[in-house]
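A short worksheet on the structure shown next.
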Amino acid sequence: MPIEIQVAFLPCHLESAQIASVDVAVVIDTFRFTTTAATALAAGAECVATTDSVESARAAAAQDASWLLCGERHCKPIDGFAMGNSPLEYTAKRVSGRKLLFTTTNGTRAVTAANGAPQVWLASLVNRHAACRAIGDLRESGVDPNVMIICAGTDGMVATEDVLAAGAIIDSVSMQEPKTVARGDSAHLALAAWQRFDQKSDKQQLALQDVLKLAAGGANLIKQGYASDVTFCSKLDSINAVPISQGKNLAEHIFTL
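Rendered as structure tokens:
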């Protein structure tokens with residue numbers, strides 16, 4: 001049986017029946033939550049948890065002071081939270097051994113859209129290869145995985161960086177596992193977008209970082225003073241870690257490596 005990969009360009013494109021039928025939901029929020037979560041766990045954080053609202057995050061921290069509140073609203077750090085959503089903040093010195101609770105504008109809401117999947121993973125460009133290897137590991141364990149990639153988008157709009165990351169994952173899995181099927185128009189479009197970019201990069205045209213600077217999300221981060229985040233989030237395969245949350249119908253997910 002082939003590995004089947006579907007793509008939802010936005011969480012609102014999903015139906016609960018689709019999530020219930022997959023083996024793994026892979027959430028992508030390249031700018032910046034899934035990049036930051038992978039960075040934090042690779043730096044030694046004990047776990048990364050998600051919740052949709054600022055109020056629920058504060059309530060959780062009030063009940064358990066061990067949670068370190070993290071996140072943003074519209075790129076800006078949240079008042080009273082310990083950390084924002086820049087991956088550059090998440091050094092071993094600051095987060096090693098800590099429990100991190102995130103709420104973000106787009107990424108953590110995309111995680112909620114994955115409720116009902118047996119496993120939820122977090123991926124982006126920085127851990128593309130690690131995510132592909134994890135899919136291959138499922139195949140080796142005897143599972144022919146049905147994978148749904150959920151792109152977070154930006155404020156309800158499709159995000160270039162998430163589509164490219166989805167295409168990059170499909171492309172890499174296809175090279176490792178020839179029996180891979182990109183199912184549906186969105187998956188084919190994501191793959192075509194990545195392959196078109198990849199061919200251009202071989203001709204030394206636009207580098208990935210330059211492409212993402214032109215995207216709406218990248219331009220907005222630069223405008224808000226986070227140009228270094230765009231550079232960091234563009235580093236393909238720079239992190240060898242895949243945050244994974246296991247269990248069905250979780251209102252709040254807890255990710256570990």
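If you read the sequence shown in my numbering, its first letter stands for residue 1, the second for the next number, and so on. Ideal Cβ placement from N, Cα and C applies to all residues, glycine included.
- Following the DSSP letters along the chain, one finds L221 in no beta strand (DSSP E) but inside the alpha helix (DSSP H) bounded by residues A216 to K223.
- Under the three-state reduction of DSSP output, S245 falls in the strand class.
- Under DSSP, Q119 shares a beta bridge with V24 and Q246.
- Residues of the same chain with a CB within less than 7 Å of the CB of A190, apart from the 5 flanking positions on each side, are V7, V163, A166, G167 and I170 in chain order.
- Of the residues assessed, T108 falls on the buried side of the cut-off, its CB having 16 or more other CB atoms within 10 angstroms.
- The beta carbons of T103 and A57 sit about 5 Å from each other, so the pair counts as a contact at 8 Å.
- The continuous stretches of beta strand (DSSP E) do not include C233, which lies in the alpha helix (DSSP H) extending over residues A227 to C233.
- When DSSP states are grouped into helix, strand and coil, A168 belongs to the helix group.
- Here V181 is near E4, since their CB atoms are less than 8 Å apart.
- Annotation: E4 is outside any alpha helix (DSSP H); the continuous beta strand (DSSP E) that includes it extends over I3 to A8.
- Per the Cβ contact rule, the stretch 113-130 is not in contact with the stretch 68-83 (fewer than 3 Cβ pairs under 8 Å).
- In this chain, the alpha helix (DSSP H) harbouring R133 covers R128 to E140.
- By the 16-neighbour rule on beta-carbons within 10 angstroms, E55 is exposed.
- By the CB criterion at 8 Å, V95 and A40 fall inside the cutoff.
- Residue environment: E161 is assigned as buried (16 or more neighbouring CB atoms within 10 Å of its CB, all protein chains considered).
- C-alpha of Q119 to C-alpha of I244: approximately 7 Å in a straight line.
- Per DSSP, V54 is one residue of the alpha helix (DSSP H) stretching across V54 to Q63.
- For the alpha helix (DSSP H) assignment, the uninterrupted runs of no fewer than 4 residues enclosed by the stretch 73-121 are, from N- to C-terminal side, 92-95 and 107-113.
- The residue among G84, M1, A159 and Y90 with its C-alpha nearest the C-alpha of A215 is A159.
- Ranked by how close their Cα comes to the Cα of S234, the residues A45, Q224, G218 and E140 have G218 in first place.
- Setting aside the 5 residues that flank it on each side, H129 is surrounded in the same chain by D237, each with a C-beta closer than 6 Å to its C-beta; the list follows chain order.
- When secondary structure is reduced to three states using DSSP, F31 falls in the coil class, being assigned neither helix nor strand.
- Rounded to whole angstroms, the gap between the alpha carbons of D52 and T112 is 7 Å.
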